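All residue numbers for the sequence shown refer to my numbering, where the first residue is 2 and numbers rise by one. Ideal Cβ positions, reconstructed from N, Cα and C, are used throughout, including at glycine. None of the values given here were measured: they were computed from a predicted structure.
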Amino acid sequence: MSGRPFYLNIRHKISQLLNPALCLSCGVPVSSSAFICIDCLGAMEPVSSPCELCGLPNPVDDAICPSCLHHPPHWQSMTAPLIYQGNTRKLIQALKFNEQIHIANALVTHIHPYFNSLGVDALIPVPLHLDRLLDRGFNQAEEIANTLSSFLNIPVDRKSLSRIKSTESQAGLSLNKRRHNIIKAFQYRGRPYKSVAIIDDIITSGSTMSEICKSLKKSGVKHIQAWSLARALKHD
């Protein structure tokens, strides 16, 4: 862990000692291990009947939606339990932009049972470009991967995947611009794992995951799962 995330974690621990445990979403008192109150948890809506490949609500009673049957993605399965809206959106944005990296631990604590870790050799967080990492001070995907690792007992590979192209933020871009923005942005120089899970905070269009999968497959990685905290239902 670099110096800044270490400082932010220490700051949060001191705050916990000096103040009663409060819900990270609404501020009401909760037990020290709860992080989020029952009401706010209830307002964090899970994706209903998600397609196993794209993670979006499946309009048919099947594991895979018609769209993915006709146009399969570059990965073999997706797990993104929560809909990116309401309290979920509020907390993830606080994690990314307000330096509240303890939120990664709080959210993963509540949703880690959704993730099927069977046969997964490594967790690979989506990397930030060095310029953005220096500006933000931490990588939220890596924080999520670290907490998942502690629950699932799967190692985190932080070195094999790098972001070699400084791209415009994907937020606010159309689907077509997202795809072009991320082309050749990643480089994988790691082991040809049999199975890995790529970790991110949100999956929106899937463009980032697709580009990463292309790089991993060129290096012989056989089976790729896409994991995130949340799935955006709209990307335009």
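Using a 10 Å radius around the Cβ and a threshold of 16 neighbouring Cβ atoms, would you call residue 19 buried or exposed? Taking the sequence shown and counting its residues from 1, the one referred to as residue 19 is at position 18. Reliability fails at residue 19, whose pLDDT of 46 lies under 50, so the model's placement of it is uncertain and no value is given.
What is the rounded straight-line gap between the Cα of residue 200 and the Cα of residue 126? What you label residue 200 is simply residue 199 of the sequence shown in a count that begins at 1. What you label residue 126 is simply residue 125 of the sequence shown in a count that begins at 1. In this structure, the CA atom of residue 200 is about 4 Å from the CA atom of residue 126.
Restricting to runs no shorter than 4 residues, where is the alpha helix (DSSP H) found entirely within the region 104-174? Here the runs fully enclosed are 131-137, 141-153.
DSSP three-state label for residue 63, please. Sequence index remark: in the sequence shown, residue 63 carries index 62 (1-based). Per DSSP, reduced to three states, the secondary structure at residue 63 is coil, with no helix or strand assignment.
Please report how far the alpha carbon of residue 47 lies from the alpha carbon of residue 181, in whole angstroms. Here residue 47 corresponds to residue number 46 of the sequence shown, with the count starting at 1. Here residue 181 corresponds to residue number 180 of the sequence shown, with the count starting at 1. Computed Cα separation, rounded: 30 Å.
Please determine, among 123, 184, 98, 157, the residue with the shortest C-alpha to C-alpha distance to residue 134. Counting from 1 along the sequence shown, the entry for residue 134 is found at position 133. If we check each option's Cα against that of residue 134, 98 comes out closest.
Among the residues of its own chain, which have a CB less than 6 Å from the CB of residue 73, if the five just before and after it don't count? Stepping through the sequence shown from its first residue, residue 73 is reached at position 72. Hits under 6 Å: none found.
How would you call residue 131, buried or exposed, if buried means at least 16 neighbouring beta carbons within 10 angstroms? Indexing the sequence shown from 1 puts residue 131 at position 130. By the neighbour-count rule (16 or more Cβ atoms within 10 Å), residue 131 is not buried but exposed.
Select from 189, 147, 144, 153 the residue whose C-alpha is nearest the C-alpha of residue 166. The residue labelled residue 166 in the question sits at position 165 within the sequence shown. Distance check between residue 166 and each of 189, 147, 144, 153 places 189 closest, using alpha-carbon atoms only.
For residue 232, list the residues DSSP reports as bridge partners. Translated into the one-based positions of the sequence shown, residue 232 becomes position 231. For residue 232, which the question treats as bridged, DSSP gives the partners 84, 204.
Would you kindly work out how many angstroms separate the C-alpha atoms of residue 144 and residue 55, rounded to a whole number? In the sequence shown, counting from the first residue as 1, residue 144 sits at position 143. In the sequence shown, counting from the first residue as 1, residue 55 sits at position 54. In a straight line, the C-alpha of residue 144 is about 23 Å away from that of residue 55.
In whole angstroms, what is the alpha-carbon distance linking residue 237 and residue 90? Translated into the one-based positions of the sequence shown, residue 237 becomes position 236. Translated into the one-based positions of the sequence shown, residue 90 becomes position 89. Caution applies to residue 237, whose pLDDT of 46 falls short of 50 and renders its modelled position unreliable; the value that the coordinates give is listed next. Distance between the alpha carbons of residue 237 and residue 90 is about 16 Å.
Looking only at C-alpha atoms, which of 29, 218, 66 sits nearest to residue 187? For the purposes of this step, residue 187 is taken as the residue at position 186 of the sequence shown. Closest option to residue 187, Cα to Cα, is 218.
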